[in-house]
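Asker: Take this structure, written in structure tokens, and hold onto it; I'll ask about it next.
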Amino acid sequence: MDSGQHPGESANLDYSIRTQQMTVPSHPMDGRSTFQDFASGISLAATDALEMADLQCSTTLYPGLSLVMMLEGSYDATIEGAPVKFSARRGPVGRLISVTRPTTLLRTSTRGRYVRKVTLRVPISWFEDRSGDDPASTLSRELEVFLRGQAAVRDWEPSTAAVRSAEDLLTRGAEGGVLTSIASERDMLTILADALSGFRVEEQRAVPRHLRARDMVRAQTARELILRSLDDGLHLPDIAAQTGMSVSTLQRVFRDCYGQTVMEFARVRRLEMARDLLDREGLSVGDVAQRVGYSSPANFATAFHREFGYPPSQVKERARRAAIAESERV
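In structure tokens:
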């Protein structure tokens, strides 16, 4: 339903329903907030409003995926005590949050902050209904791993089409009949597809017939361990021991399953992590090189350029120009 809160109207219960153990001002937001559940199982929350008070709202995330696209303003929340913060000061940004059990999210509102955002909630049953008995048939293994993570968080950069769909959802609201509902579901699926497109699809390659189900599970477990150890360093004997394989068996099974050696897989993921650090954290090339395990900035720059086709300095320069443009705009 559409709260449609505007000056002069009475306080809308949408706000108090979604807030626990706090006193809600008569106008917690000045603008438009839409909350709507669709037959497909996806829920939509769209906000285009000015926050009128400093307060904290509590909501429960149920097992599944939450997609937050921030078009303007910032998002300031905690999940199980861990901060989830991001800002649209450089343009629209997106974030995915996966939980496997009912989880409390505490979101902080700041008086005077203008917020334009779209949030989609996709229950885990939505994915299960489309996966049948074989989740790997429709989900990349990377996405499958992410959906099994408790309070897992991942960023994505919305495409022009996804941003346009979010704008349409904000403009359309919840009023209208069947055609409006169809248009809204189309826009939500456009956003969902865009957000999930970042999960690598090479894992959907045909798995060799000789690879046993047990080996596939062990390879997937190894992959999860590798992703968790990117910051701490990769030790093949430890990964092999934790998955019940020898190093040689680990290498063979991993290559059969993913088409890459363990070290090739880890190298690409480290470089992707480095690119994100350069763009979002403001670290120097040297600091990032050390963070992702390279002995020298020169070796890091060579590997980065070989993988992405441009040097890490180009990412830094792009981030610097964006920061300058933002300061001039303010």
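Sequential numbering of the sequence shown, starting at 18, is according to this note's numbering.
Each residue gets a CB set at the ideal place from its N, CA and C atoms; glycine is no exception.
Rank V101, D146, M280 and L300 by C-alpha distance to the C-alpha of L244 and give the top, closest one.
Answerer: On the sequence shown, residue 244 is found 227 positions in, with the first residue counted as 1. When only C-alpha atoms are compared, the closest one is M280.
Asker: In three-state terms, what does DSSP make of A70?
Answerer: Counting from 1 along the sequence shown, the entry for residue 70 is found at position 53. If DSSP states are grouped into helix, strand and coil, A70 belongs with coil.
Asker: Can we say the segment 123-142 touches the segment 202-212, given the rule of at least three CB pairs closer than 8 Å?
Answerer: Touching, yes, given that three or more Cβ pairs across the two stretches are closer than 8 Å.
Asker: By Cβ distance below 8 Å, which residues in the same chain neighbour V332 in space, the five residues on each side in sequence not counted?
Answerer: Taking the sequence shown and counting its residues from 1, one reaches residue 332 at position 315. Closer than 8 Å at the Cβ level, and outside the excluded window around V332, lie R292, L295 and D296.
Asker: Under the assumption that R171 contacts L113 (Cβ atoms under 8 Å), give the Cβ distance between them as a whole number of angstroms.
Answerer: Translated into the one-based positions of the sequence shown, residue 171 becomes position 154. Translated into the one-based positions of the sequence shown, residue 113 becomes position 96. Contact holds; Cβ gap of about 5 Å.
Asker: Could you give the DSSP three-state label for G261: helix, strand or coil?
Answerer: For the purposes of this step, residue 261 is taken as the residue at position 244 of the sequence shown. DSSP places G261 in coil when its eight states are reduced to three.
Asker: Below 8 Å, can you find three or more Cβ-Cβ pairs linking the segment 42-58 to the segment 94-112?
Answerer: Cβ pair count under 8 Å is below three, so no.
Asker: Roughly how many whole angstroms lie between the Cα atoms of T197 and R158?
Answerer: To locate residue 197, count along the sequence shown from 1; it is residue 180. To locate residue 158, count along the sequence shown from 1; it is residue 141. Cα to Cα, T197 sits roughly 34 Å from R158.
Asker: Let me check one thing: in DSSP terms, what residues is L122 bridge-paired to?
Answerer: Taking the sequence shown and counting its residues from 1, one reaches residue 122 at position 105. Per DSSP, T76 and I96.
Asker: Nearest chain B C-beta to F144 closer than 8 Å, yes or no?
Answerer: Here there is only one protein chain, and chain B is not present.
Asker: Apart from the five residues just before and just after R286, which ones in its own chain have a Cβ nearer than 7 Å to its Cβ?
Answerer: Working through the sequence shown from its first residue, we reach residue 286 at position 269. Excluding positions up to five away in sequence, the list reads L244 and L247.
Asker: Thinking C-alpha only, which one of G326, L61, A318 and S312 is nearest D350?
Answerer: In the structure as shown, the chain begins at 18 and stops at 347. Residue 350 is therefore absent and cannot be evaluated.
Asker: Give me, in chain order, the residues of the same chain whose beta-carbon lies closer than 6 Å to that of D93; leave out the 5 immediate sequence neighbours on both sides.
Answerer: Within the sequence shown, numbered from 1, the residue matching residue 93 stands at position 76. Around D93: K102 and T125.
Asker: Is E184 helix, strand or coil by DSSP?
Answerer: For the purposes of this step, residue 184 is taken as residue 167 along the sequence shown, with counting starting at 1. Reduced to three states, the DSSP call for E184 is helix.
Asker: Round the Cβ separation of V132 and E68 to the nearest angstrom and send it over; I've been treating them as touching at under 8 Å.
Answerer: As a working mapping, residue 132 is identified with position 115 in the sequence shown. As a working mapping, residue 68 is identified with position 51 in the sequence shown. Confirmed, Cβ separation roughly 6 Å.
Asker: So is F90 buried or exposed if we call it buried at 16+ other beta carbons inside 10 Å?
Answerer: The residue given as residue 90 occupies position 73 in the sequence shown. It should be noted that the sequence gives Gly, not Phe, for residue 90. So G90 ends up on the buried side.
Asker: Leaving out five residues before and five after L122 in sequence, what residues of the same chain have Cβ atoms less than 6 Å from its Cβ?
Answerer: On the sequence shown, residue 122 is found 105 positions in, with the first residue counted as 1. Within the same chain, L122 has close Cβ partners T76, L78, A94 and I96.
Asker: Going by the CB atoms, is the gap between L88 and A230 shorter than 8 Å?
Answerer: Position 213 of the sequence shown, counting from 1, holds the residue named residue 230. Position 71 of the sequence shown, counting from 1, holds the residue named residue 88. Cβ distance not < 8 Å, so A230 and L88 don't count as in contact.
Asker: Could you pull out every residue in the same chain whose Cβ sits closer than 8 Å to the Cβ of R118, ignoring the five residues on either side in sequence?
Answerer: To locate residue 118, count along the sequence shown from 1; it is residue 101. The residues are P80 and Q167.
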